[in-house]
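A.B. asks: One structure, pasted below without further comment.
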Amino acid sequence: FLGPSEGEAMRRLLSRSFPSSRRPQKKLPRTAPSFSYAREMCDRAQNERRIIIPDFGVEERLNEIIGEMWVGLQTAGFYTKEGFLGNDACKNMRGESESLFLNGKFFQSQSLTSSGRHFSKPGVHACELDGSSYEEWEAAPHLLAYTREVILTLPAMLNNLQPSLNMSTRLYGTKLAVATGNGSKYPKHVDNNGEVLGEPDLRKLTFIYYLNPGWRAENGGALRVWDRGGTCVDT
27 FLGPSEGEAM RRLLSRSFPS SRRPQKKLPR TAPSFSYARE MCDRAQNERR
77 IIIPDFGVEE RLNEIIGEMW VGLQTAGFYT KEGFLGNDAC KNMRGESESL
127 FLNGKFFQSQ SLTSSGRHFS KPGVHACELD GSSYEEWEAA PHLLAYTREV
177 ILTLPAMLNN LQPSLNMSTR LYGTKLAVAT GNGSKYPKHV DNNGEVLGEP
227 DLRKLTFIYY LNPGWRAENG GALRVWDRGG TCVDT
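According to our numbering, the stretch in the sequence shown is residues 27 to 261, in order.
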């Protein structure tokens, strides 16, 4: 969620926050909690800890764009929408992400080669939230509430358009990533890497929210995707 112009400041922050002997390492894969459990924790966080859980109105916004989203997914394999929830929601989620980063909750992000070898992504760090504790709901209520609303609404909308998709709401999780600039990037990859790992991968759709309020093209950075025809598109 950082543009290149912010990269140097964040690199200094990284070296201060995570000395080499304590720099976070890649977490082992964990089983995502059921969505029903995350919803229970959300209710308990509100009722027992009086944590204010925001309502983003994701269902209303998705209803406005689901038609064009479906066309984009069917024709190009991807769809983008500027300012999906507006600047205020973006700033709140980014603020929580920055706080998690400052408190050492991120780890070195890794990926897989086509042969299954793990490698680090230079300048890219990640954090995973699953809504399974009061502490997470206290630290990141906007991030978790946003994911909750998406899971509650988008799978059902897509299943209505094409029942054979059979999109599930059983698992729940929020993954954050920060690229600190100076050439840091994600390598070309597919998110569903079941063939590489030799085991089933249930992911069918990637839903990304870029936390860069007020981003302009001159800031640099892009999402580079390859469409169904093999054409590279920067968006």
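Quick reminder that beta carbons are idealized off the backbone N, C-alpha and C, glycines included.
Please tell me whether L99 and Y105 are closer than 9 Å, where the distance is taken between their beta carbons.
C.D. replies: yes
A.B. asks: Jot down the residue ranges of each uninterrupted beta strand (DSSP E) in the segment 130-178, minimum 3 residues, whole runs only, in chain order.
C.D. replies: Contiguous beta strand (DSSP E) elements confined to the segment 130-178 occur at 133-138, 144-155, taking only those with 3 or more residues.
A.B. asks: Please classify K131 as buried or exposed, where buried requires at least 16 other C-beta atoms within 10 Å of its C-beta.
C.D. replies: For K131, the number of other beta carbons within 10 angstroms of its own is at least 16, and it is reported as buried.
A.B. asks: Please identify the residue among A71, R65, S62 whose C-alpha is closest to the C-alpha of E161.
C.D. replies: A71
A.B. asks: Does D69 come out as helix, strand or coil in the three-state DSSP assignment?
C.D. replies: helix
A.B. asks: In whole angstroms, give me the CA-to-CA distance for K201 and A152.
C.D. replies: Taking the straight line from one Cα to the other gives about 7 Å.
A.B. asks: Could you tell me the alpha carbon to alpha carbon distance between P169 and E154, rounded to whole angstroms?
C.D. replies: Here residue 169 is Leu; the residue named in the question, Pro, does not match the sequence. Distance between the alpha carbons of L169 and E154 is about 11 Å.
A.B. asks: Using only alpha-carbon positions, find the residue among G247, V204, Q136 that is nearest to F127.
C.D. replies: The option with the nearest alpha carbon to F127 is V204.
A.B. asks: Mapping DSSP to helix, strand and coil, what is V204?
C.D. replies: strand
A.B. asks: With H, G and I counted as helix, E and B as strand and the rest as coil, what does DSSP make of L197?
C.D. replies: In this structure, DSSP gives L197 an extended state, which the three-state scheme calls strand.
A.B. asks: Using only alpha-carbon positions, find the residue among P148, V259, R196 that is nearest to K211.
C.D. replies: P148
A.B. asks: Following the continuous alpha helix (DSSP H) through D260, name the residue where it begins and the one where it ends.
C.D. replies: Premise fails: D260 lies in the beta strand (DSSP E), 258-260, not in any alpha helix (DSSP H).
A.B. asks: Tell me the DSSP secondary structure of V97 in three-state form.
C.D. replies: If DSSP states are grouped into helix, strand and coil, V97 belongs with the helices.
A.B. asks: Cα-Cα, which of D253, T261, T257, V259 is closest to G103?
C.D. replies: D253
A.B. asks: Under the assumption that S125 contacts A171 (Cβ atoms under 8 Å), give the Cβ distance between them as a whole number of angstroms.
C.D. replies: Wrong, their Cβ atoms sit about 16 Å apart, outside the cutoff.
A.B. asks: The beta strand (DSSP E) with R250 in it runs from where to where?
C.D. replies: 250-252
A.B. asks: Where does the unbroken alpha helix (DSSP H) through S123 begin, and where does it stop?
C.D. replies: 113-128
A.B. asks: Check whether the segment 177-196 touches the segment 78-89, taking contact to mean three or more Cβ pairs, one atom from each stretch, closer than 8 Å.
C.D. replies: Between the segment 177-196 and the segment 78-89 there are three or more inter-stretch CB-CB distances shorter than 8 Å, so the stretches are counted as touching.
A.B. asks: What separation, rounded to the nearest whole angstrom, lies between the Cα atoms of R250 and N208?
C.D. replies: 17 Å
A.B. asks: Going by beta-carbon coordinates alone, are L237 and S123 separated by less than 9 Å?
C.D. replies: yes
A.B. asks: Would you call R143 buried or exposed, if buried means 16 or more other Cβ atoms sit within 10 Å of its Cβ?
C.D. replies: exposed
A.B. asks: Any heavy atom of the ligand PLP closer than 8 Å to the beta-carbon of K201?
C.D. replies: As presented, the structure is devoid of all ligands, the ligand PLP included, so that no description of it is given.
A.B. asks: What residue from M183, G256, R174 has the CA that sits closest to K214's CA?
C.D. replies: Closest option to K214, Cα to Cα, is G256.
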